[in-house]
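*Asks:*
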Amino acid sequence: MPVLEYIEAIRLAMKEEMERDSTVFVLGEDVGVKGGVFGATKGLLELFGEYRALDTPLAESAIAGVAIGAAMAGMKPIAEMQYADFMLPATNQIINEAAKIRYRSNNDWHCPVVIRAPIGGGVFGGPYHSQCPESVFFGTPGLKIVAPATAYDAKGLLKAAIRDPDPVLYFEHKKCYRLIADEVPDEDYIVPIGKSRVMREGDDITVIGYSMPLHFAMQAAEELSREEGIEAHILDLRTLQPLDKEGILEAAAKTGKVLIIHEDNKTGGVGAEVAAIIAEELMFDLDAPIRRLCGPDVPAMPINPPGEKHFLLNKEKLKAAMLELARF
Amino acid sequence: MGKRIVEIVMPQLAESLVSATIERWLKQPGDTVEKYEPICELITDKVNAELPSTVSGKLVKILAEEGQEVEVGKPICLMEVEAEGEAEAEEAGPAAAAVGEAAAAGQPASGGVAAYGAGARQHAAAGSAPADGQRRPPAAPFDPAAPMRHRYSPAVQRLAAEHGIDLSRIAGTGLGGRITRKDVLAAIASGAAGAAAVVTSAPAAAAVAPQAAPIATPAASIAAPFSAPAGPAPSRIPLIEVDEEGAVNHEREYFIDVTPIRNTIAKNMRQSVREIPHAWTMVEVDITNLVKLREKIKDEFRKNEGINLTYLPFVIKAVVGAIKEYPIMNSVWGEDKIIVKRDINISIAVGSVDSLYTPVIHNADQKTITGLAHEIHNLVRKTREGKLTLADMQGGTFTVNNTGTFGSVLSYPIINYPQAAILTLESIVKRPVVIDDMIAIRSMVNLCLSFDHRILDGVICGLFHQKVKEILESYGPDTKIY
Numbered sequence: 047m048p049v050l051e052y053i054e055a056i057r058l059a060m061k062e063e064m065e066r067d068s069t070v071f072v073l074g075e076d077v078g079v080k081g082g083v084f085g086a087t088k089g090l091l092e093l094f095g096e097y098r099a100l101d102t103p104l105a106e107s108a109i110a111g112v113a114i115g116a117a118m119a120g121m122k123p124i125a126e127m128q129y130a131d132f133m134l135p136a137t138n139q140i141i142n143e144a145a146k147i148r149y150r151s152n153n154d155w156h157c158p159v160v161i162r163a164p165i166g167g168g169v170f171g172g173p174y175h176s177q178c179p180e181s182v183f184f185g186t187p188g189l190k191i192v193a194p195a196t197a198y199d200a201k202g203l204l205k206a207a208i209r210d211p212d213p214v215l216y217f218e219h220k221k222c223y224r225l226i227a228d229e230v231p232d233e234d235y236i237v238p239i240g241k242s243r244v245m246r247e248g249d250d251i252t253v254i255g256y257s258m259p260l261h262f263a264m265q266a267a268e269e270l271s272r273e274e275g276i277e278a279h280i281l282d283l284r285t286l287q288p289l290d291k292e293g294i295l296e297a298a299a300k301t302g303k304v305l306i307i308h309e310d311n312k313t314g315g316v317g318a319e320v321a322a323i324i325a326e327e328l329m330f331d332l333d334a335p336i337r338r339l340c341g342p343d344v345p346a347m348p349i350n351p352p353g354e355k356h357f358l359l360n361k362e363k364l365k366a367a368m369l370e371l372a373r374f
Numbered sequence: 229m230g231k232r233i234v235e236i237v238m239p240q241l242a243e244s245l246v247s248a249t250i251e252r253w254l255k256q257p258g259d260t261v262e263k264y265e266p267i268c269e270l271i272t273d274k275v276n277a278e279l280p281s282t283v284s285g286k287l288v289k290i291l292a293e294e295g296q297e298v299e300v301g302k303p304i305c306l307m308e309v310e311a312e313g314e315a316e317a318e319e320a321g322p323a324a325a326a327v328g329e330a331a332a333a334g335q336p337a338s339g340g341v342a343a344y345g346a347g348a349r350q351h352a353a354a355g356s357a358p359a360d361g362q363r364r365p366p367a368a369p370f371d372p373a374a375p376m377r378h379r380y381s382p383a384v385q386r387l388a389a390e391h392g393i394d395l396s397r398i399a400g401t402g403l404g405g406r407i408t409r410k411d412v413l414a415a416i417a418s419g420a421a422g423a424a425a426v427v428t429s430a431p432a433a434a435a436v437a438p439q440a441a442p443i444a445t446p447a448a449s450i451a452a453p454f455s456a457p458a459g460p461a462p463s464r465i466p467l468i469e470v471d472e473e474g475a476v477n478h479e480r481e482y483f484i485d486v487t488p489i490r491n492t493i494a495k496n497m498r499q500s501v502r503e504i505p506h507a508w509t510m511v512e513v514d515i516t517n518l519v520k521l522r523e524k525i526k527d528e529f530r531k532n533e534g535i536n537l538t539y540l541p542f543v544i545k546a547v548v549g550a551i552k553e554y555p556i557m558n559s560v561w562g563e564d565k566i567i568v569k570r571d572i573n574i575s576i577a578v579g580s581v582d583s584l585y586t587p588v589i590h591n592a593d594q595k596t597i598t599g600l601a602h603e604i605h606n607l608v609r610k611t612r613e614g615k616l617t618l619a620d621m622q623g624g625t626f627t628v629n630n631t632g633t634f635g636s637v638l639s640y641p642i643i644n645y646p647q648a649a650i651l652t653l654e655s656i657v658k659r660p661v662v663i664d665d666m667i668a669i670r671s672m673v674n675l676c677l678s679f680d681h682r683i684l685d686g687v688i689c690g691l692f693h694q695k696v697k698e699i700l701e702s703y704g705p706d707t708k709i710y
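These protein sequence lines are chains W and Z, in that order.
FYI, the numbering for the first sequence is 47 to 374, going by this note's numbering.
FYI, the numbering for the second sequence is 229 to 710, going by this note's numbering.
#1: Whole beta strand (DSSP E) runs in the region 198-250 of chain W with 3 or more residues, listed along the chain?
#2: Using beta carbons (cut-off 7 angstroms, strictly below), is residue 383/Z in contact with chain W?
#3: So which residues on chain W does residue 403/Z lean against when the C-beta distance must stay under 7 angstroms?
#4: Between residue 140/W and the rest of its own chain, which residues show a CB-CB distance below 6 angstroms, the 5 nearest in sequence each way excluded?
#5: Since residue 559/Z and residue 683/Z should fall inside the 8 angstroms C-beta cutoff, what is the C-beta to C-beta distance between them, to a whole number of angstroms?
#6: Of all Cβ atoms in chain W, is any one closer than 7 angstroms to the Cβ of residue 323/Z?
#7: Which residues in the same chain as residue 567/Z place their Cβ atom closer than 7 angstroms to its Cβ, once the five residues preceding and following it in sequence are excluded?
#8: Under 7 angstroms Cβ-Cβ, which residues of chain Z neighbour residue 334/W?
#9: Return helix, strand or coil for residue 76/W, following the three-state DSSP convention.
#10: What would DSSP say about residue 99/W, mapped onto helix, strand or coil?
#11: Indicate whether at least one CB of chain Z lies closer than 7 angstroms to the CB of residue 183/W.
#12: Report all residues from its chain with a CB closer than 7 angstroms to the CB of residue 277/Z; omit the five preceding and five following residues, and keep chain order.
#13: Interface residues of chain Z around residue 329/W at Cβ under 7 angstroms?
#14: In chain W, which residues lie with their C-beta within 7 angstroms of the C-beta of residue 408/Z?
#15: Between the region 300-318 of chain W and chain Z, which residues of the former have a C-beta closer than 9 angstroms to a C-beta of the latter?
#16: With H, G and I counted as helix, E and B as strand and the rest as coil, what does DSSP make of residue 371/W?
#17: For residue 125/W, which beta-bridge partners are listed by DSSP?
#18: List the residues of chain W that residue 386/Z touches, going by C-beta distances under 7 angstroms, in chain order.
#19: Alpha carbon to alpha carbon, how far is residue 301/Z from residue 248/Z?
#20: For residue 643/Z, tell me which candidate among 707/Z, 503/Z, 546/Z has the shortest Cα-Cα distance.
#21: Residue 255/W: buried (16+ other C-beta within 10 angstroms of its C-beta) or exposed?
#22: Alpha helix (DSSP H) containing residue 309/W: first to last residue?
#23: Closer than 6 angstroms by C-beta to residue 200/W: which residues in its own chain qualify, once you throw out the five before and the five after it? Chain order, please.
#24: Using only the alpha-carbon positions, how far apart do residue 112/W and residue 135/W sit?
#25: Using CA atoms only, rank isn't needed, just tell me which of 407/Z, 606/Z, 391/Z, 392/Z is closest to residue 375/Z.
#26: Going by beta-carbon coordinates alone, are residue 346/W and residue 374/W separated by less than 7 angstroms?
#27: Excluding the five sequence neighbours on either side, which residues of its own chain have a C-beta within less than 8 angstroms of the C-beta of residue 97/W, listed in chain order?
#28: Considering only the alpha carbon of each residue, which of 674/Z, 419/Z, 508/Z, 710/Z lies closest to residue 701/Z?
#29: So the beta strand (DSSP E) residue 509/Z belongs to, where does it begin and stop?
#30: With H, G and I counted as helix, E and B as strand and the rest as coil, what does DSSP make of residue 583/Z?
#31: For residue 526/Z, does the count of other Cβ atoms within 10 angstroms reach 16, so buried, or fall short, so exposed?
#32: Going by the CB atoms, is the gap between residue 696/Z and residue 547/Z shorter than 7 angstroms?
#33: Tell me whether residue 418/Z is buried or exposed, calling it buried when 16 or more other Cβ atoms sit within 10 Å of its Cβ.
#34: Where do the ends of the beta strand (DSSP E) carrying residue 279/W lie?
Shown next, in the form of structure tokens:
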């Protein structure tokens, strides 16, 4: 099985879906001629022409609005937000239109749009190029939200998102683009939306998270296994909305000690909801307080390197938190 | 050679003790103390004891006042000692252990000396070991006073309840000695600590006992029915009825506070009944000849020895003789093995209207009937006067209970945990019996035996019982008692 980079998996998913279904097209800032600022849409213009790889003005509300309209008219658009930080002008389109149209029209209309947005820091991007805005959209009924951590899931989830009949927000971590590479099968497959995945089996502590920080957890888990004999059970949520409740409860019950991690800031984040689900359903299986290790509640990622390092999760922070919970 | 300060900590005086109360300080700050010299008197719910110093030095500071209850492992005073390198501090550990060494099971006591000041090098050498681990004596299974020891998570409580795990008996590996879910899972897997004590009503137990005859011996009270509850049964603590004004209704009932000794009795009885599958058997013994012997010598014995000659030393002698023949009777269930004790130490039940003690005749097999009579007399006297020492109370391997003294002819004794069996001597009564097809009036007595059916079965107990009977029936007017 070929090993693909995360970004290549995303590109391949779009290419294959565009080949498979002529109603699929991409639009966004610099997605056509340039092939995207990160190169995610590279070659699509050459392969599919300018009508299926649309360069748009610098107007996210327009990108989202055009995509939503096209989707309601029968197309399957993939709208790219150059950075998730720029997505906020589009929130009205996404939350008020895309998320609600099926409900509002009593199933007469639906909106099979995919909105891709790179999230996360660690690239010296500072306040406008590093945010994780999941919590802005999380908790909006009518939206599906996915956030893959591996190349396999990146491809499978994007394909599932494109084929989904309703709006899906696809948060890809820009730090993963070229850092993460894993085996991706040649044949067509999807990763079902709404299903978490156990990344690592263990019986001492459970780590639940999504996207990039899971890789720090995996590294920390290997060290803890080697040095302390602590075995971490690691669950990748993969889909943030709807959350895989069964998967979460099963993983939490496995050890009774739960650490929830994400790069988005702690207050009001996805982890709060995961913690609440566990607290509601699993009281008698808990062996320790549910813990969260997340980005700090500060307005933005600092641009200075020490500040950025301080803000971000890393292997050492994960290891310390996991060890502390294991010892509890 | 410099001075350094060491802590003397409350030792684990017996396996089940978690704390003790300082009754009186025998040494004051400034006093010079030799190693093993008593520094204070301790009261526990078992016995009172003097605490010997674990080191030679000068008492610097008393940390626990008289009357203060101190948890095992917590410091009670500071001593200034000569700094002789690390060896001294390490040596101090076993010395403290000597205090509680008699603690039956031979478990090293958790008394120890935590050195600091000049001894800080030890801490440094220990590197990353957690600080509280330093205080913990290495051999102790766990520290019952650890700060998180009694903080049970929902998972721990649920698992313990589902599997009948007694949390007080398993070690906590979590932070601050907390028992983790994995600790409970391990206990379930190993089958250890399996039999959890079901919470029965302590006040109710106390209420039963005073109604028993002069010597209330729960070990034998047929009047105190017990049902061995299986699994985590719902608590049977009766509700205290409170009327609408919130006042307790004192008209129809009243309360008796549970004393420490009552609590200990309740705990031990519960543990025995929960853990040991009791089986029971009885033989009747014709002791007509023994009665004749006693009648013949009792006045002279009284004159020579200054004490009364009872039947109990004869029975103990017979029991010891039978144990010699069947040593398995003198054993303890050790889960994966049976521990047979070489020393024959006979516990005797000594009761009053509201309490029961089981002091021990050590090496009973090395004593004559007269020697046993003196031992019994001394132990009974010390019990009545409240002067039993820890040594008097520990090391028992088999129990004999003279239930006949309160008129019983048949009893079902509860085994003195963790021993393998208990034998009762019932009332001696004259009865018509058939001997060689003729009816004769004979002095008959019943000997009842409860035994641990994990260790012992009917055949071996039958042989043992017959041996006791045989020895007792062999006593006659010519038997030597010296």
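All C-beta atoms in this analysis are idealised placements derived from N, C-alpha and C, irrespective of residue type, glycine included.
*Replies:* Reading from the atomic positions:
#1: 214-219, 227-229, 243-246
#2: One-based indexing of the second sequence puts residue 383/Z at position 155. It does: the Cβ of residue 383/Z has a partner Cβ on chain W nearer than 7 angstroms.
#3: On the second sequence, residue 403/Z is found 175 positions in, with the first residue counted as 1. The contacting residues are 373, 374.
#4: Taking the first sequence and counting its residues from 1, the one referred to as residue 140/W is at position 94. So the qualifying residues of the chain are 110.
#5: Here residue 559/Z refers to the residue found at position 331 when the second sequence is read from its first residue. Here residue 683/Z refers to the residue found at position 455 when the second sequence is read from its first residue. That pair is a contact at about 6 angstroms.
#6: The residue given as residue 323/Z occupies position 95 in the second sequence. Note that residue 323/Z scores 41 on pLDDT, short of 50, meaning its location in the model is unreliable; the coordinates nonetheless yield the value given after this. Not closer than 7 angstroms to any Cβ of chain W, the Cβ of residue 323/Z fails to qualify, so no.
#7: Within the second sequence, residue 567/Z is the residue found at index 339, counting from 1. Cβ neighbours of residue 567/Z beyond the five flanking positions: 559, 560.
#8: In the first sequence, the residue the question calls residue 334/W occupies position 288. Residues of chain Z passing the Cβ test: 381.
#9: The residue you call residue 76/W lines up with position 30 of the first sequence. Coil, per DSSP.
#10: Residue 99/W sits at position 53 when you count from the first residue of the first sequence. In the three-state reduction of the DSSP assignment, residue 99/W falls in the strand class, which pools E and B.
#11: Position 137 of the first sequence, counted from the first residue, corresponds to residue 183/W. Cβ-Cβ to chain Z under 7 angstroms: no for residue 183/W.
#12: Here the question's residue 277/Z lines up with position 49 in the second sequence. The residues are 241, 270, 617, 618.
#13: By one-based count along the first sequence, residue 329/W stands at place 283. Within 7 angstroms Cβ-Cβ: 382.
#14: Taking the second sequence and counting its residues from 1, one reaches residue 408/Z at position 180. Result: 333.
#15: 301, 302, 303
#16: What you label residue 371/W is simply residue 325 of the first sequence in a count that begins at 1. DSSP, read as helix, strand or coil, puts residue 371/W in helix.
#17: Locating residue 125/W in the first sequence gives position 79, where the first residue counts as 1. Answer by DSSP bridge pairing, in chain order: 73/W, 161/W.
#18: If you number the second sequence from 1, residue 386/Z lands on position 158. In chain order: 330.
#19: Within the second sequence, the letter at position 73 stands for residue 301/Z. Within the second sequence, the letter at position 20 stands for residue 248/Z. When rounded, the distance between both Cα atoms is 11 angstroms.
#20: Counting from 1 along the second sequence, the entry for residue 643/Z is found at position 415. The option with the nearest alpha carbon to residue 643/Z is 503/Z.
#21: Numbered from its first residue, the first sequence carries residue 255/W at position 209. Classification of residue 255/W: buried, given that the 10 Å Cβ count is 16 or more.
#22: Your numbering for residue 309/W matches position 263 in the first sequence. Premise fails: residue 309/W lies in the beta strand (DSSP E), 304-311, not in any alpha helix (DSSP H).
#23: As a working note, residue 200/W is residue 154 in the first sequence. Answer for residue 200/W: 52, 55, 56, 194, listed in chain order.
#24: As a first step, residue 112/W must be located in the first sequence, where it is residue number 66. As a first step, residue 135/W must be located in the first sequence, where it is residue number 89. Near 14 angstroms, if we compare the C-alpha coordinates of residue 135/W and residue 112/W.
#25: Looking up residue 375/Z in the second sequence gives position 147. The residue with the shortest Cα to Cα distance from residue 375/Z is 407/Z.
#26: For the purposes of this step, residue 346/W is identified with residue 300 of the first sequence, where counting begins at 1. For the purposes of this step, residue 374/W is identified with residue 328 of the first sequence, where counting begins at 1. No, the pair does not count as a contact, with Cβ atoms beyond the cut-off.
#27: The residue labelled residue 97/W in the question sits at position 51 within the first sequence. The answer, listed in chain order, is 71.
#28: Mapped onto the second sequence, residue 701/Z falls at position 473. Checking every option, the nearest Cα to that of residue 701/Z belongs to 674/Z.
#29: Here residue 509/Z is taken as the residue at index 281 of the second sequence, counted from 1. Element bounds for residue 509/Z: 506-514.
#30: Residue mapping note: residue 583/Z aligns to position 355 of the second sequence, counting from 1. The answer is coil: DSSP assigns residue 583/Z none of H, G, I, E or B.
#31: Locating residue 526/Z in the second sequence gives position 298, counting from the first residue. Exposed: under 16 other Cβ atoms inside 10 Å.
#32: The residue you call residue 547/Z lines up with position 319 of the second sequence. The residue you call residue 696/Z lines up with position 468 of the second sequence. Yes; because the gap between Cβ atoms is below 7 angstroms, this pair is in contact.
#33: Counting from one through the second sequence, the residue named residue 418/Z turns up at place 190. If you draw a 10 Å sphere on the C-beta of residue 418/Z, you find fewer than 16 other C-beta atoms in it, and that means exposed.
#34: The count along the first sequence starts at 1 and reaches residue 279/W at position 233. Looking at the DSSP string, the run of the beta strand (DSSP E) that includes residue 279/W is 278-282.
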